[in-house]
Structures are given as C-alpha cells and as structure tokens.
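Undergrad: Take this structure first; my questions come after.
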Amino acid sequence: MKTIYVIVCNLFFLFFTVNAQQTAKSITASNGELIGFLEARPDNYGKQKHPLIIFLHGIDERGNGTTDLAKVAKNGIPKITKAQSLKFKGKSFVVLSPQLDKKYGAWENFYIDEMLKYAETLHIDTSRIYLTGISLGGGGVWNYASIRVANAEKFAALIPVCGVCYYDYKNIINLAKASTPVWAFVGAADKTVNPLCTLQAVDAINANKPVHKAKKTIYNGVGHNSWDRAYDITHKVQNPNVYEWMLQFKSAIKKSMP
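If you read the sequence shown in our numbering, its first letter stands for residue 1, the second for the next number, and so on.
Structure, rendered in structure tokens:
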C-alpha cells in the first residue's frame, strides 16, 4: 500500500509540474556571469504572442542560480505560476524570474537587460513587456526604469511592490517623461521597508504631470507582505486585478532589446 501511495504522489507531482510549465533555466550574461532563472510558460504557449512579465524577487530569495533557484518561487508571481498559468482577457503570460546572486545587495541592471535579450528568443508580444518586483526587487524596478527615459520605455507598465529606496530620487522624473504607466503597492504597517519609499516615488511622478497618472495602493494594517494582495488573481482585493490592469497598456514595439 505504501508503494502505491508513493507512485500516486509522484504521478501527481509530475502532472502538476508539467501542467504549470515553470522550469529552471540559465544563461551566461555578456559580462560572463551566470544568471539562473525560472521560466513559466502558459499551457497554450506559442498559440499567440504572449505578454511577458519580468519578476524581481526580494533579498531572502538570492542565491547561486542553480541549486538555490527554487527559492525564487517562495513569494510573488513565480509562487503562483508553480501551480497555474496566468490567463486574463484572452491573453496568457510568460513569466521570467531571475535569481540575484548573494554577492549583490541590490539588483544589478544587467539582470534585467539579459532577461530582455533572452525574451527575444520567445514567442512574446514585445509591446506588452511588464517589469515588477517585491521589496528589494521593487527597488530594482524603480531603479532600472528611472535611470533614463529609454529604460522606462522598454516596458508597457511597471508594478513595484513595497520597493526599497535605493533608486535615485531625482531620476524619478524619467518615468513621467516616458509616460510608462505605474501601479505601486505597499502596506501601511510595513516595518521592513518604509512605505515612504513607495509613496514619494509615486508623488514625484505625478508632480511632473505624466500622461498616465501613477497609481498607489496602500493596504491599511498590512505589513511587509503586500505582494499576496497585489498579485491576487481574483477580484477580491482589487478590480481590475493587476494582470488585467497591465493588459490595458502597450508600449511602442522595439526591434531590439535592451
């Protein structure tokens, strides 16, 4: 009986994993560094030009890109895509979730650049590429996209969640100049990352009169984990949910990335 139970469990695990189609991948960056990442493909991959989400994890999920890679799926979008595809409004998302090496205390921009390059090999809609991240990764979103207008213009929308403050505040104006939509999330009771990191960035964008006013959602009574609510796939937390909101926006198609 025990043998049968093990076989059944293993068959269930195999079906579950294949159905979710989230796999471990790696590439060598142009600077010679290994980048391990999780790639989630929807069940109908290749039957349409898929929108793409690039997800940046938090500080605790850093690792070597190989044996540590499962840590990336502990929180946020790759946790969801372990179990199911993201399908909304007739569109199904591809998700790339790189793992930051432990030697770095903040997201290095080459990780995002390399994911954009790798994305050129995939069946994606290059006008629908979205950048999001949590905590350290949320700071990575703010930082990468605000360095220059051209960086922000690579994305159809930006979704920083409880992002840290390591961006340069004076560069936030570039997000307004790029007219890239932003929806930022934070918990009002966050004791790990000061909510001001999110609020001051959104206010700085809106002070510069962007085409799309930056949105901010503040969850009262919620601490650092605002990502479970931000990435909720239902309409219990917000309507439209964040994925439906993303799909409203397209960027100018770029022939070459980054």
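Glycine included, every Cβ here is placed at the ideal spot set by N, Cα and C.
#1: What are the partner residues of alanine 184, as DSSP defines its beta bridges?
#2: Could you compute how far the alpha carbon of cysteine 197 sits from the alpha carbon of tryptophan 107?
#3: Would you be able to state if there are at least three C-beta pairs under 8 Å between the segment 83-99 and the segment 55-70?
#4: Please tell me whether isoleucine 124 and histidine 57 are closer than 8 Å, where the distance is taken between their beta carbons.
#5: Short of 8 Å in beta carbon distance, which residues of its chain neighbour tyrosine 130, apart from the five on each side in sequence? Order them along the chain.
#6: Quick check: the segment 133-151 against the segment 208-215, are at least 3 beta-carbon pairs closer than 8 Å?
#7: Would you mind reading off the limits of the alpha helix (DSSP H) that contains tyrosine 111?
#8: If you follow the alpha helix (DSSP H) that threonine 126 is in, where does it begin and where does it stop?
#9: Ordered along the chain, which non-local residues of its own chain (more than five positions away) have a Cβ less than 6 Å from that of valine 202?
#10: Check whether the segment 87-95 touches the segment 32-51, taking contact to mean three or more Cβ pairs, one atom from each stretch, closer than 8 Å.
#11: Buried or exposed for threonine 3, please, with buried defined as at least 16 other CB atoms from any protein chain shown within 10 angstroms of its CB.
#12: Three or more C-beta pairs under 8 Å: does that hold for the segment 105-120 against the segment 70-78?
#13: Buried or exposed, going by whether 16 or more other CB atoms sit within 10 Å of the CB of proline 181?
#14: What's the call for serine 26, buried or exposed, on a 16-neighbour Cβ count within 10 Å?
#15: Give me whichever residues DSSP pairs with isoleucine 35 in a beta bridge.
TA: Result, derived from the coordinates:
#1: Lys216
#2: Those two C-alpha atoms are separated by around 16 Å.
#3: These segments touch.
#4: no
#5: Pro51, Leu52, Ile53, Ile54, Phe155, Ala156, Ala157, Leu158, Ile159, Met246
#6: no
#7: First-last of the alpha helix (DSSP H) with tyrosine 111: 109-119.
#8: Here threonine 126 belongs to no alpha helix (DSSP H); instead the beta strand (DSSP E) covers 124-134.
#9: Ala184, Ala214, Lys216
#10: yes
#11: Any reading at threonine 3 must be qualified, since the residue scores a pLDDT of 36, below 50, and its modelled position is unreliable; the value itself is stated next. That one is exposed.
#12: no
#13: buried
#14: Exposed: under 16 other Cβ atoms inside 10 Å.
#15: Ile27
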